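For reference, the structure discussed in these notes is given below.
Protein chains: 2
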Amino acid sequence: MNVDALTGGFDRRDWQEQTETDDPVRFAMIGVGWWTTEQAMPAVDAAELCETTVLVSSDREKAADVAANSETVEHAITYEEFHDGAASDAYDAVYIVTPNALHLPYVETAAELDKAILCEKPMEATIERAERMVEVCDEHDATLMIAYRMHTEPAVRRAKDLIDEGYIGEPLFVHGNMTEPILELVPNPDQWRLDGELSGGCAVMDIGIYPLNTSRFLLDADPVAVRGTVASVQEEFADVPDEHGAFQLDFPGHAYAVCTASQNAHLDSHISVLGTEGKVRVEPAFYPWDDRALQLSHEGTTVDIDFEQIDQMEEEFEYFAHCLLTGTEPYADGKHGLVDINTIKAVYEASETESTVTLD
Amino acid sequence: MNVDALTGGFDRRDWQEQTETDDPVRFAMIGVGWWTTEQAMPAVDAAELCETTVLVSSDREKAADVAANSETVEHAITYEEFHDGAASDAYDAVYIVTPNALHLPYVETAAELDKAILCEKPMEATIERAERMVEVCDEHDATLMIAYRMHTEPAVRRAKDLIDEGYIGEPLFVHGNMTEPILELVPNPDQWRLDGELSGGCAVMDIGIYPLNTSRFLLDADPVAVRGTVASVQEEFADVPDEHGAFQLDFPGHAYAVCTASQNAHLDSHISVLGTEGKVRVEPAFYPWDDRALQLSHEGTTVDIDFEQIDQMEEEFEYFAHCLLTGTEPYADGKHGLVDINTIKAVYEASETESTVTLD
């Protein structure tokens with residue numbers, strides 16, 4: 017193996033042509049919870065190609081407080097005002113980070129207002145609403161990207177490059193896990209993630225989507241069949257089917273992903289792909305606060321690669337802004353996101369019916 | 017966590033009461049292939065409580081050559097002579113390492129001759145023959161142990177101790193893999209592992225049994241439901257259903273094992289158990305020539321533990337001999353082995369029927 021391929025020669029932003037602008041993409045943040053204030057806004061501040069100019073929240077006072085501490089935010093408005101088109105000259109794009117079942121109406125309004133849309137994953141709570149989201153964006157020719165930050169994560173991109181170059185031979189098996197103790201991270205039993213109507217699912221929906229979607233990204237393929245089991249054991253998870261979930265995805269060409277996810281377990285994340293000639297593993301993989309690391313195995317040798325850690329959200333916002341500034345279609349569009357929703361719902365169906373569920 | 021629990025205080029032979037004997041258990045090796053000459057016989061030579069005194073082979077000349085290079089072997093006989101009771105005063109126990117579908121007749125003869133039996137896994141090629149093996153041993157009150165060397169592997173035993181002590185909280189997810197390029201390791205397309213009649217199955221049967229059985233050992237439980245997929249792609253694997261296999265086991269109490277195995281892939285083995293409060297991982301795990309290592313994760317800390325590597329086969333023979341000398345029932349008896357055969361066949365059935373298969 018060429019050592020350059022390991023220690024150099026990797027461009028974490030091989031998608032980037034433009035590195036600065038006098039006309040940054042101006043974001044309205046839809047939802048002003050901890051993720052927005054602690055992850056998204058600092059990431060946008062640090063990025064070169066975008067800025068936050070509008071905050072949209074049910075709590076005008078909270079939004080105004082956050083705005084007061086920002087050098088770029090010009091407007092703090094309510095959801096109702098957003099739907100009425102308030103401050104729509106002050107932003108070019110929206111970042112939607114509300115509970116899953118509330119994504120669609122903001123997408124509808126943003127599309128009608130001719131704004132670009134970055135929407136958190138999972139894209140919606142049901143297949144029907146996710147399909148409607150795609151339709152609405154098509155109708156208005158609106159740019160929609162689903163916010164899979166692994167697509168711009170350097171450890172994952174480097175793993176994908178190696179797989180694409182044939183480093184592991186033919187990919188065969190993905191092992192992936194994402195687990196967390198959600199009630200310790202967010203100590204509120206009334207949180208929306210535990211409300212089936214608002215979330216559309218729990219462990220598989222909210223975090224199982226990481227090994228699922230990253231499998232698709234690394235294999236550059238979509239699953240054709242799904243099997244698995246979900247279970248809710250503790251009382252706090254009574255409203256959702258999946259406190260825990262384990263599932264297997266069959267990909268075309270005899271590649272298989274075995275995945276696990278839990279909202280009530282030790283914090284852990286990893287993904288590995290084993291092929292006919294080697295293995296790549298990213299571990300930790302999915303949590304932005306863990307230092308990601310890449311391990312490669314090939315011909316009897318194992319190599320651990322550490323590298324510069326980046327802010328996953330900054331990479332994602334910069335990539336999306338770059339797409340808008342350069343007129344490039346984002347990788348993870350609505351149809352891409354819809355495959356995950358269909359797959360996740362198939363996991364629930366497979367568990368319920370004790371059978372393999374075939375995907376179109 | 018008590019550091020002593022990590023760096024000391026672990027007795028890899030906590031089963032051992034007797035460390036020497038004037039009357040070692042004398043083994044007849046049934047099958048004199050490379051595993052017997054390179055792994056089993058050196059292990060027995062190194063062990064304190066047993067010795068090899070008889071070799072049984074279809075090839076008398078080959079057996080005689082091997083015997084000539086041994087200080088302890090007294091007899092080299094054919095399979096027919098074995099069945100006729102030849103040299104039966106010269107051994108106390110047999111180690112059966114023939115192709116899977118040929119185990120039963122040697123078990124039958126050994127049981128009739130009142131010998132103890134250590135039989136390689138998988139115990140037989142079909143459920144019916146495995147059940148018959150258990151019956152025969154019951155009828156003759158013969159001691160039968162199935163040779164799962166992970167049960168005496170210190171890395172695995174230490175992982176089990178930690179799980180039993182509650183180090184990871186409630187176990188939830190096992191990830192396990194065993195893969196190898198069998199046609200590079202044994203470059204013969206006519207080998208018995210690729211012959212469905214002789215093997216009873218390929219990737220899942222021959223090596224998928226490692227993550228399967230080690231899951232059972234670590235969780236101290238047996239699976240209640242099975243799902244999965246198997247596939248043979250390359251021509252050399254046309255006679256078996258599973259060049260590759262991926263399967264999921266549901267254990268009682270909402271614990272799940274996701275496992276992969278391939279006979280035509282990069283050499284790799286690992287097993288990990290994640291629980292509500294931590295994770296233990298053994299990687300490499302299953303191949304005797306890899307240095308095993310243990311990694312523990314708990315409360316934000318990850319610890320890598322290296323320790324003295326032992327000869328897995330020596331541990332196994334010593335344990336079995338110790339059971340015989342002390343009148344102790346071996347852990348992995350015939351009924352234990354039968355659970356694996358039932359589970360493996362359920363994986364094939366689950367793949368064939370595209371459904372979840374429930375186990376009794």
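Taken in sequence, the protein lines are chains A and B. In this text, residue positions in the first sequence follow the working numbering: the first is 17, and each later residue adds one. In this text, residue positions in the second sequence follow the working numbering: the first is 17, and each later residue adds one. Cβ atoms here follow ideal geometry from the backbone N, Cα and C, with glycine treated the same way. Nothing here was measured: the structure is a model prediction, and the numbers come from that model.
Kindly indicate the opening and closing residues of the alpha helix (DSSP H) around residue i.
i: Asp177 (chain B); result: Pro170 to Asp180
i: Pro239 (chain A); result: Careful: Pro239 (chain A) lies outside any alpha helix (DSSP H) and carries neither H nor E.
i: Phe333 (chain B); result: Gln328 to Thr342
i: Phe233 (chain A); result: Ile225 to Leu235
i: Met149 (chain B); result: Ile143 to His156
i: Gly212 (chain B); result: Gly212 to Ser215
i: Leu199 (chain B); result: Ile198 to Leu201
i: Leu375 (chain A); result: From DSSP, Leu375 (chain A) is part of no alpha helix (DSSP H); its letter is neither H nor E.
i: His119 (chain B); result: His119 to Glu128
Measure the alpha-carbon distance for residue i versus residue j and round it to whole angstroms.
i: Leu235 (chain A); j: Trp305 (chain A); result: 25 Å
i: Thr195 (chain A); j: His286 (chain A); result: 10 Å
i: Glu251 (chain A); j: Ala281 (chain A); result: 15 Å
i: Asp307 (chain B); j: Asp27 (chain B); result: 19 Å
i: Leu110 (chain B); j: Gln325 (chain B); result: The sequence given here has Val at residue 110 (chain B), not Leu. Each residue's Cα considered, the two are about 26 Å apart.
i: Ala254 (chain A); j: His314 (chain B); result: 27 Å
i: Asp206 (chain B); j: Ala362 (chain B); result: 27 Å
i: Val72 (chain B); j: Glu97 (chain B); result: 8 Å
i: Thr37 (chain A); j: Cys339 (chain A); result: 13 Å
i: Gly212 (chain B); j: Ile225 (chain A); result: 38 Å
i: Val256 (chain B); j: Val150 (chain B); result: 26 Å
i: Thr230 (chain A); j: Met166 (chain A); result: 7 Å
i: Pro300 (chain B); j: Ala309 (chain B); result: 6 Å
i: Phe302 (chain A); j: Ser371 (chain B); result: 31 Å
i: Thr374 (chain A); j: Glu124 (chain B); result: 46 Å
i: Gly101 (chain B); j: Trp31 (chain B); result: 33 Å
i: Pro197 (chain B); j: Pro203 (chain B); result: 10 Å
i: Glu87 (chain B); j: Thr159 (chain B); result: 27 Å
i: Asp320 (chain A); j: Pro268 (chain A); result: 30 Å
i: Val152 (chain A); j: Gly47 (chain A); result: 21 Å
i: Gly316 (chain A); j: Glu181 (chain A); result: 19 Å
Should residue i and residue j be called a contact, given that it needs their Cβ atoms to be closer than 8 Å?
i: Val298 (chain B); j: Ala163 (chain B); result: no
i: Cys135 (chain A); j: Ala337 (chain A); result: no
i: Gly294 (chain B); j: Met139 (chain B); result: no
i: Ala262 (chain A); j: Gly244 (chain A); result: yes
i: Gln264 (chain A); j: Gln279 (chain B); result: no
i: Asp327 (chain B); j: Ala62 (chain B); result: yes
i: His260 (chain B); j: Ala247 (chain B); result: yes
i: Asp258 (chain A); j: Gly217 (chain A); result: yes
i: Asp266 (chain A); j: Ala237 (chain A); result: no
i: Lys78 (chain B); j: Gly353 (chain B); result: no
i: Met329 (chain B); j: Ala117 (chain B); result: no
i: Ala106 (chain B); j: Thr69 (chain B); result: yes
i: His191 (chain A); j: His191 (chain B); result: yes
Return the chain-ordered list of same chain residues with a C-beta closer than 6 Å to the C-beta of residue i, the five sequence neighbours on each side being excluded.
i: Lys176 (chain B); result: Leu234
i: Thr168 (chain B); result: Glu331, Glu332 and Tyr335
i: Ala83 (chain B); result: Leu71, Val89 and Ala92
i: Pro115 (chain A); result: Trp208 and Leu214
i: Ala277 (chain A); result: Met194, Ala219, Val220, Ile223, Gly224 and Gly261
i: Thr94 (chain B); result: Arg76
How far does the beta strand (DSSP E) with residue i in it extend, from its first residue to its last?
i: Ser104 (chain B); result: Neither: Ser104 (chain B) is in no beta strand (DSSP E) and is coded neither H nor E.
i: Pro10 (chain A); result: As displayed, chain A neither begins before 17 nor continues past 376, which places residue 10 (chain A) out of reach and without an answer.
i: Tyr272 (chain B); result: Ala271 to Ser278
i: Lys383 (chain A); result: Residue 383 (chain A) is absent from the model: chain A starts at 17 and stops at 376.
Could you pull out every residue in the same chain whose Cβ sits closer than 8 Å to the Cβ of residue i, ignoring the five residues on either side in sequence?
i: Pro121 (chain B); result: His99
i: Asp108 (chain A); result: Val41, Arg42, Phe43, Lys131, Ala132 and Leu340
i: His270 (chain A); result: Leu188
In chain order, what residues of the same chain have a beta carbon less than 7 Å from the beta carbon of residue i, not counting five sequence neighbours either side?
i: Glu179 (chain B); result: For the record, residue 179 (chain B) in the displayed sequence is Ile; it is not Glu. Contacts found: Pro187, Leu234, Val289 and Val296.
i: Trp51 (chain A); result: Val113
i: Asp284 (chain A); result: Asn193 and Thr195
i: Ala348 (chain A); result: Met161, Ile162, Tyr164 and His167
i: Arg174 (chain B); result: Phe26 and Leu310
i: Leu129 (chain A); result: Gly101 and Ser104
i: Gly185 (chain B); result: Gly291, Thr292, Glu293 and Gly294
Measure how close the beta-carbons of residue i and residue j come, nearest whole angstrom, since I'm counting them as under 8 Å.
i: Thr359 (chain A); j: Leu228 (chain A); result: 6 Å
i: Ile357 (chain B); j: Ala126 (chain B); result: Ile357 (chain B) to Ala126 (chain B), Cβ: 19 Å. No contact.
i: Met45 (chain B); j: Pro346 (chain B); result: The Cβ separation is near 18 Å, so there is no contact.
i: Glu64 (chain A); j: Thr35 (chain A); result: 6 Å
i: Thr342 (chain A); j: Glu33 (chain A); result: 6 Å
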